[in-house]
Amino acid sequence: MGWAIELERTTSPKQKPKVSELGFGKYFTDHMFIMNYDEGQGWHHPRIVPYQPISLDPAAKVFHYGQTVFEGLKAYRTADNRIRLFRPSKNLQRLNLSNDRLSIPEIDEQLFLEALLSLVRVDSDWIPGEPETSLYIRPFVIANEPLLGVSPSKQYLFMIILSPVGSYYAEGINPVSIHVESHYVRAVEGGVGTAKTAGNYAAGLKAQEGASEKGYTQVLWLDGVHRRYVEEVGSMNVFFKIGDTVVTPQLNGSFLAGITRDSTLQLLRHWGVPVEERPITIDELVEACRSGELKEAFGTGTAAVISPIGELSYRDEKLVIGSGETGPVSKRLYDTLTGIQYGRVEDPFGWMMEL
Ligand code: COI
-14 MGWAIELERT
-4 TSPKQKPKVS
6 ELGFGKYFTD
16 HMFIMNYDEG
26 QGWHHPRIVP
36 YQPISLDPAA
46 KVFHYGQTVF
56 EGLKAYRTAD
66 NRIRLFRPSK
76 NLQRLNLSND
86 RLSIPEIDEQ
96 LFLEALLSLV
106 RVDSDWIPGE
116 PETSLYIRPF
126 VIANEPLLGV
136 SPSKQYLFMI
146 ILSPVGSYYA
156 EGINPVSIHV
166 ESHYVRAVEG
176 GVGTAKTAGN
186 YAAGLKAQEG
196 ASEKGYTQVL
206 WLDGVHRRYV
216 EEVGSMNVFF
226 KIGDTVVTPQ
236 LNGSFLAGIT
246 RDSTLQLLRH
256 WGVPVEERPI
266 TIDELVEACR
276 SGELKEAFGT
286 GTAAVISPIG
296 ELSYRDEKLV
306 IGSGETGPVS
316 KRLYDTLTGI
326 QYGRVEDPFG
336 WMMEL
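Here it is, written out as structure tokens:
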């Protein structure tokens, strides 16, 4: 079914940033998508309007009780100027899983997809074409009912904004160093750890600040009960190559089921690399590192792509992984995944959607 998405074009297009200054999430395109939800009416009035600030009542529930969810995906420009999205249906489904966990009403996936594609089309000249650049797409929902009672909001806004981006980490595709957090925890099973919701990220800031003061790029979270099992890094899932096997924590409901994580697993299995999704303790990693069996580590994420990890710090120990350089599996995954995304290599799984 087609949806009537209104379009109001900007009369004052912005100047586009220089590619060398893109960084991540600093610049926003000329338009945004917005749609309202009101109890009794459902989701209504989908529209694309000039990018602008929104006005919210100070009592809006999102400010007080954090009822909000988000997604992240990217549009890529190929060398022959086609525009492609990577597995967008996965993001639509995951947003609704997050919605469900946060008691936010479901969004029709067809409408979501149409909104997303229409917005990217309107701002397609913002999609950079240089290597390692893309258009980051940030859909999100906020509860905007002005009421201080703790109950699910009766009003919401669903919005999509777009940001031309380069690398998420200053290191680019060079290895990052990660601090293993042994004091703070991010989430526990049964909580909201697997939902893409603001509170999970806010809960991680204190530890991230501490890690960054010590010179580390990110935090590796351990499970919230035993502080032994490896879960995820703040903005990515995590993989380790121990001996010949690539291992990653199995999904347990307390960390994000990443779409790049799933794609990585599919690629590794397709190549015949032994892969295990299972509980991994930090002690196992320390031991494997000491014995020389920990050959590689890398993070996976939409923003981070495949991000090699050169060093972990745990308590007072520095663990240099492999040679501290990008390992062959990380490199092959990075080249293949970005190759598929930018149309340089075949897409055997049918992951890309042409605009
Ligand atoms: C993503 O990779 O899209 C994320 O949402 C991670 C981060 C920027 C919060």
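Here the numbering used here is used: the first residue of the sequence shown is -14, the next is one more, and so on. Using N, Cα and C, we set each Cβ at its ideal position, and we do this for glycine too.
Of the choices the options, whose alpha-carbon is the least far from that of residue i?
| i | options | result |
| --- | --- | --- |
| Met337 | Ser248, Tyr22, Ile306 | Ser248 |
| Pro137 | Leu207, Gly328, Ser88 | Ser88 |
| Ser148 | Glu296, Ser292, Phe13, Ser308 | Phe13 |
| Pro131 | Tyr50, Arg67, Leu80 | Tyr50 |
| Ile39 | Val54, Ile19, Arg329, Ile325 | Ile19 |
| Ile(-10) | Arg32, Asp15, Tyr186 | Arg32 |
| Ile145 | Ile294, Glu261, Glu99 | Glu99 |
| Leu359 | Thr285, Gly307, Ala64, Arg123 | With the chain covering only -14 through 340, there is no way to say anything about residue 359. |
| Thr323 | Ser308, Gly309, Thr285, Lys75 | Thr285 |
| Gly176 | Asn185, Gly309, Thr(-5) | Asn185 |
| Ala196 | Gly178, Ser167, Met221 | Ser167 |
| Gly114 | Ser308, Arg67, Leu190 | Arg67 |
| Val135 | Ser308, Pro234, Gln52, Glu310 | Gln52 |
For residue i, which residues in the same chain have their Cβ closer than 8 Å to its Cβ, ignoring the five residues on either side in sequence?
| i | result |
| --- | --- |
| Gln193 | Gln203, Val204, Gly219 |
| Gln140 | Asn21, Tyr22, Asp23, Glu24, Ala128, Asn129, Glu130 |
| Pro259 | Asp229, Thr230, Val231 |
| Lys199 | His164, Ser298 |
| Thr266 | Arg213, Tyr214, Val215 |
| Asp332 | Ile325 |
Excluding sequence positions up to five away, which residues of its chain have a Cβ less than 6 Å from the Cβ of residue i?
| i | result |
| --- | --- |
| Arg69 | Tyr61, Met337, Glu339 |
| Glu174 | Asn237, Gly238, Ser239 |
Within this structure, are the beta carbons of residue i and residue j separated by less than 8 Å?
| i | j | result |
| --- | --- | --- |
| Phe225 | Ala282 | yes |
| Arg171 | Trp206 | yes |
| Arg213 | Asp268 | yes |
| Lys59 | Ser119 | yes |
| Asn21 | Leu96 | no |
| Arg296 | Ser162 | The displayed chain sequence assigns Glu, not Arg, to residue 296. A contact, by the Cβ cut-off of 8 Å. |
| Ile244 | Arg72 | yes |
| Ala288 | Gly57 | yes |
| Val107 | Leu7 | no |
| Leu133 | Ala44 | yes |
| Thr(-5) | Tyr327 | no |
Excluding the five sequence neighbours on either side, which residues of its own chain have a C-beta within less than 7 Å of the C-beta of residue i, listed in chain order?
| i | result |
| --- | --- |
| Ser83 | Val54, Ala180, Lys181, Thr182 |
| Lys1 | Trp111 |
| Lys(-1) | Asp15 |
| Trp(-12) | Pro31, Leu96, Glu99 |
| His201 | Position check: residue 201 holds Tyr in this sequence, whereas His was assumed. Same-chain partners within the cutoff: Ser162, Ile163, His164, Ser298. |
| Leu253 | Val231, Val260 |
| Leu279 | Phe225, Ile227, Leu270, Ala273, Ile306 |
| Ser315 | Glu281, Phe283, Ile291, Pro293 |
| Tyr319 | Ile158, Val290, Ile291 |
| Arg300 | Ser167 |
Take the Cβ of residue i as the centre, count every other Cβ of all protein chains shown within 10 Å, and call the residue buried at 16 or more, exposed below.
| i | result |
| --- | --- |
| Leu(-8) | exposed |
| Leu250 | buried |
| Asn159 | exposed |
| Phe240 | buried |
| Phe334 | exposed |
| Asp85 | exposed |
| Glu91 | exposed |
| Asp42 | exposed |
| Pro313 | exposed |
Test item, CB below 5 Å from any non-hydrogen atom of ligand 1: That query returns the following residues: Gly57, Ser220, Gly286, Thr287, Ala288.
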